[in-house]
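Here the structure comes first, spelled out in structure tokens, and everything after it is commentary.
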Amino acid sequence: MKTYVAKPTDRERNWLVVDATGRIEASDEFMRIAGRTAEDMSRLEYPGLITGLFHPDDRVTVRDALEAGGETEFHFEARLLRPAGDEALVSVYGEVVFDERGERELLRGSVQDITERRAAEEALSMAAANAEAAAREH
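Numbers given in our numbering equal positions in the sequence shown, counted from 1, plus 56.
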């Protein structure tokens with residue numbers, strides 16, 4: 057297996073790499089978002105990271121996105137379960153890297169915490185609905 061070093065862009069510092077052996081490498085920012093330590097991450101392997109990190113209701117979505125046949129890119133939103141019991145809604149963009157034989161060599165991607173953004177979107181939507189309902193009453 058080739059050695060691959062993930063280099064995040066200046067914009068994305070929260071990345072995760074899974075190699076063909078199932079070994080996981082994560083950035084400090086990803087571990088902060090997930091509420092995990094490097095030791096916690098070292099105990100997880102793929103596909104165990106799905107059950108170890110994601111909300112039970114989101115695991116099928118995550119698995120399907122990561123295991124999609126010959127697809128080279130993936131995107132999904134899902135809830136990470138933190139050890140303290142709270143959740144973080146994340147948006148994950150990634151790609152599958154294939155070796156010269158066409159075998160999956162690794163998964164790599166960036167993870168963005170969108171918890172606050174989604175809460176703000178829902179609050180705006182509710183405010184708009186309330187304003188519309190109030191306007192209909194008058």
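Glycine included, each C-beta is placed from N, C-alpha and C at the ideal position.
Predicted model, so just to flag it, every value in this text is computed and none were measured.
For this session: Determine the contact status of residue 80 and residue 100, defining contact as a CB-CB distance below 7 angstroms.
Result: yes
For this session: Pull up the distance between the alpha-carbon of residue 90 and that of residue 194, whole angstroms please.
Result: 47 angstroms
Exercise. If we ignore side chains and look at the alpha-carbon of each, how far apart do residue 163 and residue 123 end up?
Worked result: 10 angstroms
Exercise. The alpha helix (DSSP H) spanning residue 136 covers which residue range?
Worked result: Premise fails: residue 136 lies in the beta strand (DSSP E), 129-137, not in any alpha helix (DSSP H).
Exercise. Per DSSP, which one or two residues make a beta bridge with residue 149?
Worked result: 131, 166
Problem set entry | Cβ neighbour criterion (16 or more within 10 Å) applied to residue 166 | buried
Exercise. Do residue 97 and residue 82 have their C-beta atoms within less than 7 angstroms of each other?
Worked result: yes
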